[in-house]
Amino acid sequence: MLRALVVIAILTACLVAIGSGTSSPRADLVVYNGQEPTTLDPQRLSWIPDMRIARIVYEPLVQHDVLDWDAPVRPATAKSWTVSDDGLTYTFTIREDARWSNGERVTSEHFRYAWRRGMLPDIASDYAAMFRYVRGADDFYEWRAEQLASLERGESTFADGLELWAATVERFDNRVGLSAPDEATFIVELKEPLPYFLDLCAFAVFSPVYPPLVEQYETPDLRTGRLNRRPGWTRPPAIVSNGAYVVADWKFKRGLRLEQNPHHWNRDALNVRTIDVPSIGDPSAAVLAFRTGAVDLMTDVSAPYRGEIVRDKLAYHAEHAGEIERLRALGHDPYAIDAALPSDPRSRAHIIPAFGTYFWNFNCSATLTDGRPNPFADPRVRRAFALVIDKRSIADLVRRLGEPTADVLIPPGSIAGYSGPKGLPNIGDAETDAEREAIIGRALTLLTEAGYPDPSAFPVTVELVFNKDAGHDLIAQVIAKNWQEHLGVPVSLAQKELKVYREDLKNHAFITSRAGWFGDYADPTTFLDIMRTGDGNNDRRFSSSRYDELLDRARTAADADERMAILAEAERLLVEEELPMVPIFHYVSMYMFDPQRLTGMSAHPRAKQNLFLLDLLGDGVGDDRPRPMTRASAQVAPEGSP
Amino acid sequence: MIGLVVRRLAQLPIILLVIYTVTLTLAWSIPGNPLENPDGRRPSPEVAEQMLRQYDLDSFPRFYVTYLARVTGIRYARDAMSGTIEVEREAAEAVGFRAPERPVFDFGPSLQYDDWSVNEIIAGSLPVSIVLGGIAIVIATVIGVAAGVIGAIRPNSLADFATLLVALIGISLPSFVIGPVLLMLFAVWVPLFPVSEWGTARALVLPGVTLSLPFAAYIARLTRFGMIEALASDYVRTARAKGVSETAVLLKHALPNAFLPVLSYLGPATAFAMTGSFVVEKVFNIPGIGQHFVAAVQNKDLFLIMGVVLVFATMLVVFNLAVDLLYRFVDPRIS
Chain A
1 MLRALVVIAI
11 LTACLVAIGS
21 GTSSPRADLV
31 VYNGQEPTTL
41 DPQRLSWIPD
51 MRIARIVYEP
61 LVQHDVLDWD
71 APVRPATAKS
81 WTVSDDGLTY
91 TFTIREDARW
101 SNGERVTSEH
111 FRYAWRRGML
121 PDIASDYAAM
131 FRYVRGADDF
141 YEWRAEQLAS
151 LERGESTFAD
161 GLELWAATVE
171 RFDNRVGLSA
181 PDEATFIVEL
191 KEPLPYFLDL
201 CAFAVFSPVY
211 PPLVEQYETP
221 DLRTGRLNRR
231 PGWTRPPAIV
241 SNGAYVVADW
251 KFKRGLRLEQ
261 NPHHWNRDAL
271 NVRTIDVPSI
281 GDPSAAVLAF
291 RTGAVDLMTD
301 VSAPYRGEIV
311 RDKLAYHAEH
321 AGEIERLRAL
331 GHDPYAIDAA
341 LPSDPRSRAH
351 IIPAFGTYFW
361 NFNCSATLTD
371 GRPNPFADPR
381 VRRAFALVID
391 KRSIADLVRR
401 LGEPTADVLI
411 PPGSIAGYSG
421 PKGLPNIGDA
431 ETDAEREAII
441 GRALTLLTEA
451 GYPDPSAFPV
461 TVELVFNKDA
471 GHDLIAQVIA
481 KNWQEHLGVP
491 VSLAQKELKV
501 YREDLKNHAF
511 ITSRAGWFGD
521 YADPTTFLDI
531 MRTGDGNNDR
541 RFSSSRYDEL
551 LDRARTAADA
561 DERMAILAEA
571 ERLLVEEELP
581 MVPIFHYVSM
591 YMFDPQRLTG
601 MSAHPRAKQN
611 LFLLDLLGDG
621 VGDDRPRPMT
631 RASAQVAPEG
641 SP
Chain B
643 MIGLVVRRLA
653 QLPIILLVIY
663 TVTLTLAWSI
673 PGNPLENPDG
683 RRPSPEVAEQ
693 MLRQYDLDSF
703 PRFYVTYLAR
713 VTGIRYARDA
723 MSGTIEVERE
733 AAEAVGFRAP
743 ERPVFDFGPS
753 LQYDDWSVNE
763 IIAGSLPVSI
773 VLGGIAIVIA
783 TVIGVAAGVI
793 GAIRPNSLAD
803 FATLLVALIG
813 ISLPSFVIGP
823 VLLMLFAVWV
833 PLFPVSEWGT
843 ARALVLPGVT
853 LSLPFAAYIA
863 RLTRFGMIEA
873 LASDYVRTAR
883 AKGVSETAVL
893 LKHALPNAFL
903 PVLSYLGPAT
913 AFAMTGSFVV
923 EKVFNIPGIG
933 QHFVAAVQNK
943 DLFLIMGVVL
953 VFATMLVVFN
963 LAVDLLYRFV
973 DPRIS
């Protein structure tokens, strides 16, 4: 018996010894970033949480000033740039003190190398399309893909993979409009003027990588010529990066430790020494960790009781409505207002508009996938269905997350210089029953005009396709009820598993479906392009020559204001006449942090957070001064704030 | 003895091949493209095709054969013998590259986590699960055997009833209830233990206890029935008759026999505790291997699915073999 106890004791001691002893002290700032990063390879980025980390680990040519309400583009690794008169050639000057984390200089050649990765089909960047604005990039991509395929089929003129690779490098050097005449000069030639090209350059996917490192992990296959990508170079100890912070430690599904980059040109501006990004799989556990103080900042709150947190926050704001009104009139941003109010755990949740919209798709093709004629090919039918969706009920009673209802596709105020259309009304806007009846009457008239005077004899059962997660079922039920009750059409709900739902959308195998879209760059086309005829993300199969023509005209418009006006007209066409989809609400981002303790978070609707701006107030490190949102373009800064 | 080990080890590849074939067929039939970000932009068809071809994901037979050659080390052996590895290294070095490292048993890349290979993911998370599962089994054995013995001393007494009730609760209450309850009690209200942490002895307690409870409950019941039976047997009556103390009767004579069913249960139980701790890992945010079973299937991360399934299957077979061997030491009747 004693022996058994001794064995058990030794066994336990060993297990505990293995299980412990590898934890380091808490970092100054602990940030919950949603999920485990899927990659920190700049050209392979796809997820928003990954980009949030990538933006502080890598530094592109330019960056957005996210603490400015206009989010203008500011110098970063490039200290300046010039644009040729025809808008086709951008010449960037890279600052001399731009350094990699190993102390080496960041040169124009490194950008050229990284952008080449973005254009290689074997790297398969999700954002490969963004590089195609560079002159010759399209041809290069297609040529490489074709050569890889022909070498695999054995019809190639190349003897082996290395020969193909050498030819690829040569072709890129000679035919793609990227050049690096000296270490500091990086010249980009575009195939056509692109007013938002600088905005793209600020995108994390356009960050440089350190070629001597990456080359070791990406070698052409001897036979097929395809680059064999091996993981490892994006992690310590190998990683070499040029951002404000370096990845000091990364344990899979346990978290990252970020430390200041000792070689960064702007390291004196940093206000936080170390940042931990723990990987917390369960969203509810993340909220618990925040409440116990183990986490300082949550960049995403997806716990099931997120709705309650929002309700508490709104109740807290209701208690201080007068004071909030006063502070807002003084020009305070939402975080500054919360910081000025009496401290309360409820004030730590922040609901900020995001750069995305939730909408409901209509299939616009002439026939459905099963061959039946599609009544939704007629814009009048789509408009009728849009009019009777009670968006306010969906946002306020079903979602209850503080999301504003949407009548347009592009979130208002998110793009400087763009003012979009008004959009169609819906029955949720009606203040009186008479108004409501008038809107329903208008919808029924539209259906009659379209040839459906008796909606109960509508030729198809209107199916609502959605995936089963995240409460889409409740929204679908409201919409189905609206259509059934107010139009009298037969409806059915079709709940699908996420992957099946995605396949259905891709194959246009639906009549109506749930959808959403987040913008990538500060230009209306980031939303409008997905409605263009033949676009890869045009699930609706919407095709309007008028719309395509407007987008084409915008492409060649010389004047920026004129261009924005054309794009606004294109959006008006979408949301007031054609309705290939009905906007339901604009997404919001939800953060949790103590506004009296942490500053430097952006409240801009683009919802980009640059974590290197953060400062813990009163910790004796850095400025320790609140960093409010500003507007550089404003003539006079609001004065008189306490 | 040696014959048994050899026989069982010879069965292993056949078992694994069947599991490989069945799992791969099922995993392959999950709809969707594993290389697409479900929330992101849809890549153009050419990009999607490039991505699939890169990993042989465009053809089931090709994937079946190449992946099998990869995990079994056949590909490594073949390339090493034919000198391909050496040629590749020289060719790469000639143009200034370093040749790719080649693990012998290559589980391939993770499709979801671009920056990690499946070998690295398993190497990182398996020890975590082994420690957690090991702790849980130790706790379960101590609690379970103690409770079983107490219950068996006086069957149908209050103490027996109480331990049975606790055992019943332990079996019926799922760990996604016990875990959060323990967390609320001992991490949030009385902050004795951390909420979500890994790497300290303190952090092991709550998940270890949560994971151990169902096993402890089952062990308690096995021990109790075993003890009651043993205490009623002739050799125990003989021992008592010759004046052996009651403690010695319980611990030296009855318990070793009552422990046999527990021992045979411990083999699969240990394997399950070490790989089936998905819920506990999720609740306590532990970076173990259990989470990959569910997450990899949801993401259709084929390489990771196959990797964890093959590792789990191997562990199960090996643990069962270990128990069979242990049995021989404990019970001399088996040969």
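First to last, the protein sequences are chains A and B. Going letter by letter, the first sequence gives residues 1 to 642 in my numbering. Going letter by letter, the second sequence gives residues 643 to 977 in my numbering. Quick reminder that beta carbons are idealized off the backbone N, C-alpha and C, glycines included. Just so we're clear, the structure is a prediction, and the values are computed from it rather than from any experiment.
Beta-carbon proximity check, residue i vs residue j, cutoff 8 Å
i      : j      : result
A:D296 : A:L29  : yes
A:L446 : A:R383 : yes
B:V904 : B:L864 : yes
A:G536 : B:S686 : yes
A:Y672 : A:Y587 : With chain A represented from 1 up to 642, any question about residue 672 of chain A goes unanswered, as that position is not in the structure.
A:A289 : A:Y58  : no
B:D698 : A:D41  : no
A:M590 : A:R400 : no
A:Y127 : A:K191 : no
A:P60  : A:S207 : yes
Inter-residue CB distance, residue i and residue j (contact presumed, cutoff 8 Å)
i      : j      : result
A:R99  : A:W265 : 7 Å
A:D539 : A:K506 : 7 Å
B:V950 : B:A964 : Going by Cβ atoms, the distance from B:V950 to B:A964 rounds to 21 Å, so no, they are not a contact pair.
A:P195 : A:R563 : 6 Å
A:F385 : A:W483 : 6 Å
Other residues of its chain near residue i: CB distance less than 7 Å, five sequence neighbours each side excluded
i      : result
A:T91  : W81, T82, T185 and I187
A:T556 : none
A:A377 : C364, S365 and A366
Buried versus exposed call for residue i [16 or more other C-beta atoms within 10 Å across all chains shown]
i      : result
A:M119 : buried
B:Y877 : exposed
A:D338 : buried
B:Q940 : exposed
A:T63  : First, the residue type needs correcting, since residue 63 of chain A is Gln and not Thr in the sequence shown. That one is buried.
B:Q754 : buried
A:R627 : buried
A:L613 : buried
A:E578 : buried
B:I656 : exposed
A:P121 : buried
B:F702 : exposed
A:K496 : buried
A:D85  : exposed
A:R175 : exposed
A:T168 : buried
Secondary structure of residue i, DSSP reduced to three states
i      : result
A:G90  : In the sequence under discussion, the amino acid at residue 90 of chain A is Tyr, which differs from the Gly named in the question. Residue state, collapsed to three classes: strand.
B:V953 : helix
A:H263 : coil
A:R99  : strand
B:N927 : coil
A:T599 : strand
A:D199 : helix
A:Y141 : helix
B:Y907 : helix
B:T852 : helix
A:W250 : strand
A:Y521 : coil
B:H895 : helix
B:M693 : helix
Contact set for residue i: own chain, Cβ-Cβ below 8 Å, skip 5 residues either direction
i      : result
B:L824 : L848, V851 and T852
A:E109 : A180, E183 and P211
A:P605 : I352, P353, A354, F355, P411, G413 and S414
A:F593 : D296, L297, M298, R348, H350 and M601
heavy atom of the ligand FAD below 7 Å from residue i C-beta
i      : result
B:T708 : This structure lacks the ligand FAD, and indeed carries no ligand of any kind.
Same chain, Cβ closer than 6 Å to residue i, neighbours up to 5 away in sequence not counted
i      : result
B:P835 : A small fix is needed here, since residue 835 of chain B is Phe in this sequence, not Pro. Contacts found: F828, A829, R844, V847 and L848.
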